[in-house]
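Asker:
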Amino acid sequence: MNISVSSLNKFLFFKLPSAFICGVRVKEIDENKCVVTVKHRWMNQNPFNSMYFAVQAMAAELTTGALVMKHIQKSEKAISMLVISNKSIFTKKATGRITFACNDGLLVNQAIQKAIETGKGQTFWMKSIGTNENGEQVSEMDFEWSIRIKTKGL
Numbered sequence: 377m378n379i380s381v382s383s384l385n386k387f388l389f390f391k392l393p394s395a396f397i398c399g400v401r402v403k404e405i406d407e408n409k410c411v412v413t414v415k416h417r418w419m420n421q422n423p424f425n426s427m428y429f430a431v432q433a434m435a436a437e438l439t440t441g442a443l444v445m446k447h448i449q450k451s452e453k454a455i456s457m458l459v460i461s462n463k464s465i466f467t468k469k470a471t472g473r474i475t476f477a478c479n480d481g482l483l484v485n486q487a488i489q490k491a492i493e494t495g496k497g498q499t500f501w502m503k504s505i506g507t508n509e510n511g512e513q514v515s516e517m518d519f520e521w522s523i524r525i526k527t528k529g530l
């Protein structure tokens with residue numbers, strides 16, 4: 377799969393249907409940045425009439441994971457990836473359209489290069505910031521990714 381906006385949204389539909397049903401959509405991806413949006417609506421709300429935290433986490437994780445996938449594809453190596461930890465800060469009610477952005481493509485590239493050079497697994501943190509339509513930050517989410525070169529026979 378070529379990592380693009382359309383292929384990632386198709387991937388959501390078939391492989392992560394709960395994210396797709398909740399309205400999570402990739403809007404932009406390049407070597408350094410991934411942008412994902414999700415709109416607050418009945419399907420993804422909490423009892424306090426704002427977006428449920430798990431929906432925000434799905435969108436935020438996608439911004440980081442899509443960048444990891446893009447750089448793995450670019451490396452042309454068999455590399456496994458896994459979230460091993462995450463932390464979140466919520467600063468404002470998430471209503472309206474929320475945009476999550478991760479700008480950590482360089483971090484991913486460095487980790488993959490180090491994994492290729494050393495043959496050892498690497499871990500690294502990536503940050504995704506969620507903002508509302510007024511540009512106000514509603515959440516900040518950090519995901520710790522683990523990558524390793526796949527070895528034949530395992």
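Numbering (the numbering used here), first residue to last: 377 to 530.
Don't be surprised by glycine CBs; every beta carbon is placed ideally from N, CA and C.
Which word fits Met517, buried or exposed, when buried means at least 16 other C-beta atoms lie within 10 angstroms of its C-beta?
Answerer: buried
Asker: Could you compute how far the alpha carbon of Ala470 sits from the alpha carbon of Ser464?
Answerer: 14 angstroms
Asker: What do you get for Thr475, buried or exposed, if any count of 16 or more other CB atoms within 10 angstroms of its CB means buried?
Answerer: buried
Asker: Met457 to His416, Cα distance in whole Å?
Answerer: 29 angstroms
Asker: Taking the DSSP output, what are the residues bridged to Thr499?
Answerer: Beta bridge pairing from DSSP links Thr499 with Ser522.
Asker: Looking at Ala435 and Val400, is the spacing between their C-beta atoms short of 7 angstroms?
Answerer: The Cβ-Cβ distance between Val400 and Ala435 falls below 7 angstroms.
Asker: Can you tell me the Cα-Cα spacing of Gly506 and Phe429, whole angstroms?
Answerer: A direct Cα-to-Cα measurement between Gly506 and Phe429 gives close to 11 angstroms.
Asker: Leu458 lies in the beta strand (DSSP E); which residues open and close that run?
Answerer: Under the DSSP assignment, Leu458 falls in the beta strand (DSSP E) whose first and last residues are Ile455 to Phe466.
Asker: For Phe390, does the three-state DSSP call read helix, strand or coil?
Answerer: helix
Asker: Label Ser461 either buried or exposed according to how many other C-beta atoms from any shown protein chain fall within 10 Å of its C-beta, with 16 as the threshold for buried.
Answerer: Under this definition Ser461 is an exposed residue.
Asker: Extract the residue ranges of the beta strand (DSSP E) inside the region 385 to 443, only unbroken runs of 3 or more that lie entirely within it.
Answerer: 401 to 405 and 410 to 415
Asker: Is it a yes or a no for the region 404 to 411 touching the region 475 to 491, going by three-plus beta-carbon pairs under 8 angstroms?
Answerer: The region 404 to 411, when compared against the region 475 to 491, does touch it at the 8 angstroms Cβ threshold.
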